[in-house]
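Number of protein chains: 2
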Amino acid sequence: MKKYVYAFHEGNKEMKSLLGGKGANLAEMIKIGLPVPPGFTVTTEACNKYYDDGQKISQDIIDEIFCHLHELENNTQKRFGDYNNPLLVSVRSGAVVSMPGMMDTILNLGLNDESVIGLAKATGNERFAYDSYRRFIQMFSDVVLNIQKYKFDNILEKEKRSSKVQLDTDLTVDNLKNIIKEYKKIVKKETKKAFPQEPKKQLLMAIEAVFGSWNNARAIIYRDINDIPNHYGTAVNVQSMVFGNMGEKSGTGVAFTRNPATGEKKLFGEFLMNAQGEDVVAGIRTPQPICELKNTMPKVYEQFVNVANLLEKHYKDMQDIEFTIENEKLYLLQTRNGKRTAAAAINIAVDMVEENIIDKETAIMRIEPAQLDQLLHPTFEEEAMQKIEKITQGLPASPGAATGRIYFNANDLVKAANEGEMTILVRLETSPEDIEGMVAAQGILTARGGMTSHAAVVARGMGKCCVAGCGEIKVDEINKVFKIDGKIFKEGDYLSLDGNTGNVYAGKLPTKEPELSGNFAKLMSWADEIRTLKIRTNADTPKDALTAVKFGAEGIGLCRTEHMFFKEERIPAVRQMIIAQNVEERMKALNKLLPFQKEDFIGIFEAMGERPVTVRLLDPPLHEFLPNNDEDIKILSKQINVSYNTLKEIVEDLKEFNPMLGHRGCRLAITYPEIYQMQVRAMIMAAIQVKKQKNIHVQLEIMVPLIGHEKELEIIKKLIVSTANEVIENSDENIVYKIGTMIEVPRAALTADDIAKHAEFFSFGTNDLTQMTYAFSRDDAGRFIGEYRKKEIFKKDPFQRLDKIGVGKLMEIATQLGKRTRSDIKLGICGEHGGDPEAIDFCHKIGLHYVSCSPYRIPIARLAAAHAVINNK
Amino acid sequence: MKKYVYAFHEGNKEMKSLLGGKGANLAEMIKIGLPVPPGFTVTTEACNKYYDDGQKISQDIIDEIFCHLHELENNTQKRFGDYNNPLLVSVRSGAVVSMPGMMDTILNLGLNDESVIGLAKATGNERFAYDSYRRFIQMFSDVVLNIQKYKFDNILEKEKRSSKVQLDTDLTVDNLKNIIKEYKKIVKKETKKAFPQEPKKQLLMAIEAVFGSWNNARAIIYRDINDIPNHYGTAVNVQSMVFGNMGEKSGTGVAFTRNPATGEKKLFGEFLMNAQGEDVVAGIRTPQPICELKNTMPKVYEQFVNVANLLEKHYKDMQDIEFTIENEKLYLLQTRNGKRTAAAAINIAVDMVEENIIDKETAIMRIEPAQLDQLLHPTFEEEAMQKIEKITQGLPASPGAATGRIYFNANDLVKAANEGEMTILVRLETSPEDIEGMVAAQGILTARGGMTSHAAVVARGMGKCCVAGCGEIKVDEINKVFKIDGKIFKEGDYLSLDGNTGNVYAGKLPTKEPELSGNFAKLMSWADEIRTLKIRTNADTPKDALTAVKFGAEGIGLCRTEHMFFKEERIPAVRQMIIAQNVEERMKALNKLLPFQKEDFIGIFEAMGERPVTVRLLDPPLHEFLPNNDEDIKILSKQINVSYNTLKEIVEDLKEFNPMLGHRGCRLAITYPEIYQMQVRAMIMAAIQVKKQKNIHVQLEIMVPLIGHEKELEIIKKLIVSTANEVIENSDENIVYKIGTMIEVPRAALTADDIAKHAEFFSFGTNDLTQMTYAFSRDDAGRFIGEYRKKEIFKKDPFQRLDKIGVGKLMEIATQLGKRTRSDIKLGICGEHGGDPEAIDFCHKIGLHYVSCSPYRIPIARLAAAHAVINNK
């Protein structure tokens with residue numbers, strides 16, 4: 001028979017997929033002799049069985065749970081529901097991959113009207129016993145019975161008011177008994193049943209609630225964002241309670257073995273005396289820094305420091321540890337690899353290599369490439385910051401800089417963000433309900449909570465700027481305002497947050513490029529040693545090209561020429577070219593454009609030096625350059641001296657039913673060869689000038705878009721060669737260039753052997769290739785893609801995540817066929833997928849030579865390419 | 001060294017690709033002992049070399065030609081340019097595949113101011129000699145020197161007028177000498193050189209002209225229409241002259257061994273006494289029927305009959321024979337397999353099987369499937385014909401019926417045809433310059449020319465209705481009118497032609513379905529025995545379904561349901577369904593449509609009996625059903641009681657950037673499952689009713705369009721099954737059905753193994769598959785496809801001719817992957833390519849089970865499927 005329940009001492013850290021992360025680590029800590037309260041874990045397989053059985057815990061599993069419970073009673077010498085010395089347990093979820101704050105926890109389970117007396121007797125602390133019972137009813141009602149929390153809070157506040165006390169800890173036993181009476185009334189009213197008194201029933205209800213919470217809305221969203229499969233399931237940990245709220249010699253805390261924001265090698269965390277469980281992370285009372293424990297309880301602190309060192313060495317990674325002190329005795333409730341910012345991740349990984357704890361490959365694998373994103377985005381400009389008003393300062397909970405309009409709840413914010421607003425979420429404190437808002441916001445500001453509060457932990461995980469615990473602001477969520485020093489900030493007002501300092505500024509702030517630290521460069525150089533894929537950039541301007549080089553670009557994989565056409569001083573000539581009714585008129589307009597294009601290319605070539613530069617010839621349909629509405633057509637008609645009616649007719653005539661599938665890309669050059677001729681002339685002339693003036697041998701690669709038939713490329717290649725060679729022959733420079741094509745039309749992939757006859761390189765344009773392969777227009781898919789995601793037809797938008805099955809198969813076919821014709825054909829990708837780590841892994845596997853992505857994603861791509869090598873060893 | 005010139009006696013009929021059809025057959029006739037004037041053939045390889053050498057005949061080839069000329073002189077005992085007994089030759093093109101009227105011919109070559117005297121002496125007929133010289137100069141000037149023919153005609157007419165003679169044959173020697181003098185003046189004036197007197201020079205110039213004519217515009221068009229490769233080249237036949245114009249005991253003629261219009265086994269042809277070469281087919285003088293020769297020259301006639309029989313038996317096919325009688329001696333100048341109408345082709349093939357000349361497979365291969373087209377189109381309705389005015393009668397030159405507006409030249413006609421007009425080309429006589437007009441016209445009417453005139457031969461080849469030699473009409477091509485009995489018909493007036501009777505009617509005439517004769521049915525039954533592909537039809541209505549069954553359809557491969565939605569009484573409900581803002585409203589509208597859809601299906605099911613019927617669920621984007629302009633939106637807003645603004649907003653909101661790639665096909669069912677549910681309910685209810693009332697077990701196949709991802713099909717299959725089964729369970733009939741999908745999205749083909757998990761059949765939708773694979777929108781490709789054809793990027797529009805390389809590769813991939821998952825998966829094609837013989841061959845090869853095409857193409861598909869078996873043996 002399958003085993004669904006494991007005592008802690010039966011497990012170890014390798015059993016994560018069965019016991020969940022928390023359960024496996026509790027088992028491991030017991031194994032290495034650390035003080036962990038005993039307990040047992042109900043496995044993830046039990047969770048899956050629960051769902052397979054129609055959301056029902058089978059009798060077998062129930063029997064196994066009670067068997068382990070009995071063992072726990074023997075072990076602790078306490079009995080469940082006992083009138084003298086009751087066993088109390090915590091019930092906690094424990095997913096395979098840590099999902100902070102997403103799952104529900106119940107403490108003090110086992111208390112009822114009898115065992116609360118037993119607890120009082122056993123601890124000699126009646127107040128503590130009733131406070132625990134009060135907490136238990138509140139928590140169980142919230143999590144298991146789904147009664148809204150504020151109803152209990154109101155009673156607590158009322159009792160505090162009527163007794164004129166400030167803190168929960170000031171409440172007397174009688175106060176607590178009153179509260180419990182009132183709490184029970186609420187339960188009776190809301191559930192039509194009395195609060196469950198039978199501890200075993202409480203336990204099963206709690207376990208079911210944990211299983212149930214695996215599929216609550218916020219858990220699903222979290223898994224979706226983080227690519228956690230639904231079938232993983234969660235384990236449930238049932239652990240005998242220890243009490244941090246047993247008085248002033250008790251406490252509870254959370255600490256990281258290194259600083260999770262910076263990576264600094266120094267214990268980092270917080271604790272609260274006379275507090276239980278979630279009090280620390282919930283941010284309701286503001287906790288003390290961990291170093292204060294040294295003064296409060298030196299021995300316990302020393303013991304904790306030793307434990308922390310031991311755990312870090314044992315796990316060879318920075319640990320995030322939860323502990324409780326019960327009457328000066330230290331208990332460990334959890335350890336796990338700590339979440340950290342990208343900066344911290346890099347510093348920790350590099351430090352650990354230098355401390356001989358891990359090797360370089362391990363260090364590289366410690367950094368999720370996507371995580372680097374948070375390092376690569378701008379910070380505020382110093383100067384601007386000095387001129388603007390700093391209104392307050394909170395905790396620098398997650399680094400980065402954010403500017404946007406403020407919103408006070410996730411709904412309003414998401415709505416604004418969907419309309420393209422930059423946004424800041426302002427909350428008293430955040431909770432899992434706010435997740436969607438946090439995803440959409442540029443930054444998060446909370447009035448309450450510490451560095452390990454929900455807002456801080458989640459924001460760091462997302463690489464999102466967060467300022468937490470900013471106590472000076474008075475947030476009124478109902479009226480959507482906050483006040484500070486008498487000033488009022490309303491919904492929609494601009495605010496700027498500096499996640500590195502915790503500073504909050506009124507108004508908008510300009511940003512600047514990130515500086516990349518020494519450890520960053522070191523880690524990148526290790527990645528560069530390992531990776532085999534080259535990393536190029538998509539860049540259309542000298543500025544982008546320079547940024548990309550700074551980030552480590554080894555070439556340009558896609559330089560689009562159409563954006564150059566839109567500039568103000570050029571667009572009239574572009575439009576003249578389009579409405580030209582014969583070759584002469586068209587040539588005249590093109591000749592005006594030639595010097596501009598040449599200057600563009602000179603700038604880019606100089607920026608790139610002797611790195612390869614792939615220039616794509618004009619791609620979009622011509623009507624994209626023409627005005628759309630009557631007013632603009634009238635203006636243009638005057639500008640270029642063509643009658644309104646003629647112009648209107650031309651505009652109408654150029655409209656297409658399906659522009660995506662229309663007269664664009666190389667089709668333009670089949671009908672109007674003059675356009676590509678001008679572009680080729682401009683690039684060759686630019687290369688000549690850069691050679692002459694800077695002695696740079698430009699590595700020019702001329703790329704033809706939208707090829708579907710080898711003859712298209714054959715014809716256009718001839719055109720390029722004759723045009724280029726004419727310019728070269730009239731100069732005294734020896735300019736060399738390659739000619740290749742985008743592979744973005746399915747037919748090109750399917751006939752890549754024929755196309756390779758005329759192409760020295762292929763570059764996969766996975767944006768269009770995805771559109772054609774799926775027969776999805778990116779512009780129109782919005783109408784149904786939501787439903788597709790909801791029905792799990794695909795997990796991710798195929799425009800964000802490469803469709804390896806379909807589009808990927810075309811890429812593989814093209815790669816194989818292309819190499820069959822030309823074994824040294826150069827292969828790359830320049831679609832947006834080129835910056836996505838998963839796609840980079842795929843490109844590595846199928847044997848591409850480079851990926852090309854936006855400048856800011858280059859370090860991500862460098863790291864992902866190293867990951868690909870290691871993962872595919 | 002390569003041999004570029006062959007004497008006739010060196011060749012045989014198997015050497016067509018080298019000697020051309022004419023040369024090979026001349027050789028063959030000599031081989032079997034028939035009277036053929038001796039000569040030699042310059043090969044097609046010489047023609048290709050001519051082009052490879054930059055349009056120059058190499059010295060080697062010239063030497064070889066003169067060597068053979070010398071042999072010919074010895075052979076004929078005549079000398080080239082001789083003053084006493086000169087050798088004269090004809091120079092004729094001879095392509096591999098017969099290209100009637102497209103190539104140029106020169107007779108009497110070798111004549112000059114000296115040899116004309118020699119010819120007079122040798123023949124004792126001075127008039128004949130000068131007439132021959134006159135003809136030679138005229139022909140040589142036209143064909144070789146490119147001088148416009150009318151200039152010579154004018155001189156001839158002037159001489160006739162001033163001498164007051166009617167016929168060319170009445171001209172005296174002096175007349176002819178005058179004419180020759182004037183002709184030479186024209187040549188001098190036009191070419192700045194005297195008419196070439198050196199016979200060898202004449203010969204080389206003529207050969208070059210033949211080579212050159214291989215690439216004249218009309219030859220290129222003809223090859224393009226008839227899929228003749230450009231690299232075939234043409235041979236040149238140089239043959240010693242015999243003279244049909246040597247007096248009243250001479251003549252020339254053309255005859256078919258069987259009737260080329262009907263297939264009747266009876267010599268069919270025409271001859272002209274005292275005439276030369278092209279006089280018969282050029283239609284300038286009206287010739288006599290071949291049977292008249294029996295009276296004129298009984299012995300020659302008998303000899304000819306024997307020769308004709310011999311040739312037909314030798315070639316095992318109906319022969320088209322050219323002959324000349326020189327002083328009562330019969331010479332054969334050409335034999336070839338005769339062009340024939342489809343009806344004749346069938347009758348001849350079937351008769352020859354019954355005469356034990358050929359076997360059934362040969363008979364089947366004798367009919368080009370596409371040729372059947374002409375048999376399968378409507379003829380005029382008898383009744384209507386009796387009511388309408390028959391204005392005249394011509395020769396029934398090519399069968400069929402045509403109604404349309406008249407045009408007097410190809411340009412005007414093509415323009416009108418491009419605007420969608422039905423057209424009739426009216427000409428005095430046609431010439432190769434008219435080809436494009438003939439292609440575009442519904443029918444052709446000529447005033448002059450016989451059954452073997454240019455118009456008649458070409459029209460039969462095209463399967464186009466033609467009435468020729470209609471002498472009563474007076475055609476004025478300049479003023480674009482024709483007169484008959486004082487009535488005037490202007491450009492744009494309606495006319496109707498009956499190609500089977502030669503009758504010409506004023507006005508428009510309704511048509512009726514063709515009757516399919518006994519031999520047709522016989523041949524089809526032979527094809528059916530051989531073929532392995534099933535033939536289905538694309539039919540959306542009971543009427544189409546019945547027509548298809550009559551033509552031999554074995555099922556429906558594509559029944560589109562969207563056309564049903566457009567009917568007047570339904571469209572309001574369709575629109576209500578579309579603008580519905582919630583499921584209830586949508587269901588209400590769909591419930592209105594349900595009975596209509598049910599009735600549609602009942603009609604189709606009854607028509608098809610127990611043949612399989614594949615019904616495709618709704619495919620087009622919903623906005624196609626909504627009005628487009630403000631006026632119509634206003635009308636609709638009143639009809640359905642929805643405010644104009646709301647409606648306008650809905651219409652605008654449904655517009656898409658790329659509807660082809662938008663919210664359509666199965667995507668509609670992912671978002672609005674109710675639509676497919678209604679359709680499925682309607683088909684199952686219809687099947688139940690047809691079972692109950694007619695005891696027909698409907699073979700229903702439900703087809704889902706636009707699948708790109710297996711999950712789409714998984715979800716929709718569940719929807720179909722649950723909907724269908726609910727209806728079935730509530731009835732007492734056991735309806736069975738299959739569920740399958742279109743393969744029309746590249747991704748579906750690439751992931752066909754996954755998709756086949758949920759599909760019992762695949763049907764290739766090659767229309768959309770071509771659009772997606774090429775990234776061409778059919779609606780927009782017009783803007784550039786002309787240039788693509790011109791630059792030979794593709795020979796044929798890929799929407800007409802299946803792209804076997806690209807789209808075909810996807811079909812092969814899908815076929816293999818589909819079978820891997822489900823070995824018994826049913827595979828078919830329902831794109832328009834399903835009726836194209838070349839695509840049918842491809843479908844046979846890759847292992848599809850059926851093709852589906854329009855009803856009128858079914859016999860073509862049946863025959864093509866048999867061809868595919870034989871061709872791929």
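Chains as they are written, first to last, in the UniProt record's numbering: chain Z, 1 to 873; chain L, 1 to 873.
Even for Gly, the Cβ is constructed at its ideal location relative to N, Cα and C.
These figures come from a predicted structure and were not determined experimentally.
Could you give the distance in angstroms between the alpha-carbon of residue i and the alpha-carbon of residue j?
i                         : j                        : result
glutamate 328 of chain Z  : lysine 149 of chain Z    : 32 angstroms
asparagine 243 of chain Z : tyrosine 331 of chain Z  : Before going on, a small fix: residue 243 of chain Z reads as phenylalanine here, not asparagine. Cα-Cα distance, rounded: 9 angstroms.
leucine 111 of chain Z    : glutamine 288 of chain Z : 30 angstroms
glutamine 455 of chain L  : lysine 181 of chain L    : First, the residue type needs correcting, since residue 455 of chain L is alanine and not glutamine in the sequence shown. Approximately 34 angstroms between the Cα atoms of the pair.
alanine 401 of chain Z    : glycine 394 of chain Z   : 14 angstroms
arginine 667 of chain L   : arginine 681 of chain L  : 19 angstroms
Is the shortest distance between the beta-carbon of residue i and the beta-carbons of chain L less than 7 angstroms?
i                        : result
glutamate 389 of chain Z : no
leucine 647 of chain Z   : no
Would you call residue i buried or exposed, if buried means 16 or more other Cβ atoms sit within 10 Å of its Cβ?
i                            : result
serine 854 of chain Z        : buried
phenylalanine 140 of chain Z : buried
phenylalanine 80 of chain L  : buried
glutamine 679 of chain Z     : buried
glutamine 581 of chain Z     : exposed
arginine 820 of chain Z      : exposed
Select from the options the residue whose C-alpha is nearest the C-alpha of residue i.
i                         : options                         : result
isoleucine 755 of chain Z : Z/Ile813, Z/Arg336 and Z/Ile473 : Z/Ile813
serine 213 of chain Z     : Z/Lys265, Z/Ala261 and Z/Val144 : Z/Val144
aspartate 732 of chain Z  : Z/Val690, Z/Gly233 and Z/Lys184 : Z/Val690
Compare the C-beta of residue i with all C-beta atoms of chain Z and state if any pair is closer than 7 angstroms.
i                            : result
valine 549 of chain L        : no
serine 722 of chain L        : no
phenylalanine 776 of chain L : yes
methionine 772 of chain L    : yes
Discussion item. Under 8 angstroms, CB to CB, which of the residues in the stretch 657-671 of chain Z have a partner in chain L?
Written reply: Phe657, Asn658, Pro659, Met660, Leu661, Gly662, His663, Arg667, Ile670 and Thr671: these are the residues of the stretch 657-671 of chain Z whose beta carbon lies less than 8 angstroms from some beta carbon of chain L, given in chain order.
| Mind listing which residues of the stretch 205-222 of chain L have their C-beta closer than 9 angstroms to chain Z's C-betas, in chain order? | Of all residues in the stretch 205-222 of chain L, none has a C-beta nearer than 9 angstroms to a C-beta of chain Z.
To be precise: take each residue of the stretch 732-755 of chain Z, compare its Cβ to all Cβ atoms of chain L, and keep it if any distance is under 7 angstroms. Which residues remain? Taking 7 angstroms as the Cβ-Cβ cut-off against chain L, the residues of the stretch 732-755 of chain Z that qualify are Val745, Pro746, Arg747, Leu750 and Thr751.
Exercise. Check distances from the C-beta atoms of the stretch 707-718 of chain Z to those of chain L and list, in chain order, the residues that come in under 8 angstroms.
Key: Along the stretch 707-718 of chain Z, going in chain order, the ones with a CB nearer than 8 angstroms to a CB of chain L are Gly708, His709, Lys711, Glu712 and Ile715.
Original post:
Between the stretch 783-797 of chain Z and chain L, which residues of the former have CB atoms less than 8 angstroms from a CB of the latter, in chain order?
Top reply: Of all residues in the stretch 783-797 of chain Z, Arg783, Phe784, Glu787, Tyr788, Lys791, Glu792, Ile793 and Phe794 have a Cβ within less than 8 angstroms of some Cβ in chain L.
- Task: Mind checking the stretch 796-815 of chain Z against chain L and listing, in chain order, the residues whose C-beta falls within less than 7 angstroms of any C-beta there?
- Result: From the stretch 796-815 of chain Z, only Ile805, Gly806, Lys809 and Leu810 have a Cβ closer than 7 angstroms to chain L.
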